[in-house]
Amino acid sequence: MTHRHRGERLGELFRREFTRLLMGPLKDPRLEGVTVTEVRATRDLSFATVYVRSEDDVEEGIEALERAVGFIRRELGRSLRLRKIPEFRFLPDETPEHASRIEALLRQVHESDGQREG
-19 MTHRHRGERL
-9 GELFRREFTR
1 LLMGPLKDPR
11 LEGVTVTEVR
21 ATRDLSFATV
31 YVRSEDDVEE
41 GIEALERAVG
51 FIRRELGRSL
61 RLRKIPEFRF
71 LPDETPEHAS
81 RIEALLRQVH
91 ESDGQREG
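Following this note's numbering, the numbering of the sequence shown begins with -19 at its first residue and continues without gaps.
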């Protein structure tokens, strides 16, 4: 497996975990309506850029994520069992078409998970 594929796989894994944290443990009201659309990690996992969208104020959502980054890194370390968790940089996702496609995929995953459980 190439480094590029590993980076993509880990980026997707991080995105899923951010989504899980946003739906549960992260309680900051500024995170309501916040969606992590993509995570791009460097090859050595020292840094990762997290692209964020929000139904309301994306800058407030980014502020809340930055404030919770210590908690987020500990949770990711625990849940993913990786030796190294990157330093995260949060940026607004300025590609709405891309985000819409990802949201549709998330809905499909959610629906298929619901069908499997039911």
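Just so it is clear, CB atoms sit at the ideal spot from N, CA and C, and this is done for glycine as well. Since this is a predicted model, take the numbers as computed values, not measurements.
Alpha-carbon spacing of residue i relative to residue j, whole angstroms
| i | j | result |
| --- | --- | --- |
| Phe27 | Gly94 | 34 Å |
| Glu39 | Gly50 | 19 Å |
| Thr75 | Arg81 | 10 Å |
| Gly4 | Ala48 | 13 Å |
| His(-15) | Arg0 | 23 Å |
| Phe68 | Asp36 | 22 Å |
| Arg96 | Arg63 | 32 Å |
Other residues of its chain near residue i: CB distance less than 8 Å, five sequence neighbours each side excluded
| i | result |
| --- | --- |
| Ile65 | Leu25, Arg53, Leu56 and Gly57 |
| Glu(-3) | Glu55, Leu56, Ser59 and Leu60 |
Residue i burial status per 10 Å Cβ neighbour count (16 or more: buried)
| i | result |
| --- | --- |
| Ser92 | exposed |
| Val89 | exposed |
| Ala103 | Because the chain here runs from -19 to 98, residue 103 falls outside it and cannot be looked at. |
Cβ-Cβ distance between residue i and residue j below 8 Å
| i | j | result |
| --- | --- | --- |
| Arg(-5) | Glu12 | no |
| Asp8 | Ala44 | yes |
| Leu86 | Leu(-7) | no |
Own chain partners of residue i with C-beta closer than 7 Å, once the 5 adjacent residues on each side are dropped
| i | result |
| --- | --- |
| Gly41 | Arg10, Leu11, Val14, Val32 and Ser34 |
| Phe70 | Val30, Val32, Ile42, Leu45 and Glu46 |
| Met(-19) | Its pLDDT being 45, under 50, Met(-19) is placed unreliably in this model, and the coordinates cannot settle the point. |
Cβ separation of residue i and residue j, assumed to be a contact under 8 Å, to the nearest whole Å
| i | j | result |
| --- | --- | --- |
| Arg23 | Gly(-13) | 6 Å |
| Val16 | Leu6 | Rounded, the Cβ-Cβ distance is 11 Å, inconsistent with contact. |
Residues of its chain near residue i, where Cβ-Cβ distance is below 6 Å and the 5 sequence neighbours each way are ignored
| i | result |
| --- | --- |
| Ala21 | Gly(-13), Leu(-10), Gly(-9), Ala28 and Pro66 |
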